[in-house]
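In UniProt numbering, the protein residues as written are 1 to 292.
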């Protein structure tokens, strides 16, 4: 399969998994603080990634000159971005969370231009525009009160930092195992957030820790939506350029809204289907672009 199409498939799967993750994380955040949930998620992820690396006999080696890059990926993407995404969603609404974090692809185009000197073509601009309109149709526009402003600002930080991390991943040599890079990045993030996360977990009631749904949700977040999806996202970024790859992030609100309708019985109107069509058209445009 053409590497560009394969990279797109990896990133679409990752974003779709993150869209389905919303139902799980929303329930868990009712009983546990965002940073504590991120820490639990990452501990499970580290075990899953380590087992995967051993089973597939991948190299653990990373050159010392690339360690600072891995640290930046861990702090910016896996620590700051994921924490602010959870915190911003908790402080605002699902609608605002989906809308603001879906600005990530636009930020990726900008960062790709600044850090990687990637060309912003007319096709890329059109695809981002169509996909953005599609997301706005799906999640809705307006109606937010001033009480959600803090959450909105935090979600903007989440979108910016994830876009920045995704561009930094492009700087990692393709010869490295993406499982290994993901593990080290998450390890850095886990170490950074441990002091505050442990304090938050101490405050959780004992009855919460005895709920099977909590541990089932944490296992899903750690194994599927973190170990699996982060690997797919980073692998996909190695095969496509950052500005084009960002378009696949739009599958997150698309799948999240669809599963909300399917599983939770949320009402989905005509605007959802129109928005979904625009997203797919936007992705199709950028995938078919012939890079010069």
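For glycine and all other residues, C-beta sits at the position ideal for the given N, C-alpha and C. Remember, predicted model here, so these are calculated numbers, not experimental data.
Classification of residue 22 by the beta-carbon crowding that lies within 10 angstroms, buried from 16 upward: That one is buried.
Which listed residue (82, 36 and 61) has its alpha carbon closest to that of residue 196: 36
For residue 134, which residues in the same chain have their Cβ closer than 6 Å to its Cβ, ignoring the five residues on either side in sequence? 275, 278 and 279
Same chain only: Cβ atoms within 7 Å of residue 150, ignoring 5 sequence neighbours per side: 91
So, does the segment 100–111 touch the segment 47–65, judging by three or more C-beta pairs under 8 Å? no
Does DSSP classify residue 163 as helix, strand or coil? In the displayed model, residue 163 falls within a helix according to three-state DSSP.
Under 8 Å, do residue 178 and residue 111 count as touching if we go by C-beta distance? It is not a contact, given that the beta carbons lie outside the stated cut-off.
Can you find the residues in the same chain that come closer than 6 Å, C-beta to C-beta, to residue 132, ignoring five residues on each side of it along the sequence? none
How close, in whole Å, do the beta carbons of residue 76 and residue 161 come, if the pair is a contact with beta carbons under 8 Å? 5 Å
Residue 178, enclosing alpha helix (DSSP H) - first and last residue: 178–202
Answer with buried or exposed for residue 124, where buried requires no fewer than 16 other C-beta atoms within 10 angstroms of its C-beta. buried
Whether or not the segment 10–22 and the segment 215–233 are in contact is what I'm after, with contact meaning three or more pairs of Cβ atoms, one per stretch, closer than 8 Å; do they touch? yes
Sequence-distant residues of the same chain with beta carbon closer than 7 Å to residue 6, five excluded per side: 239
What is the rounded straight-line gap between the Cα of residue 203 and the Cα of residue 192? 19 Å
Confirm, please, whether the CB-CB distance from residue 166 to residue 282 is below 8 Å. no
Residue 68: buried (16+ other C-beta within 10 angstroms of its C-beta) or exposed? exposed
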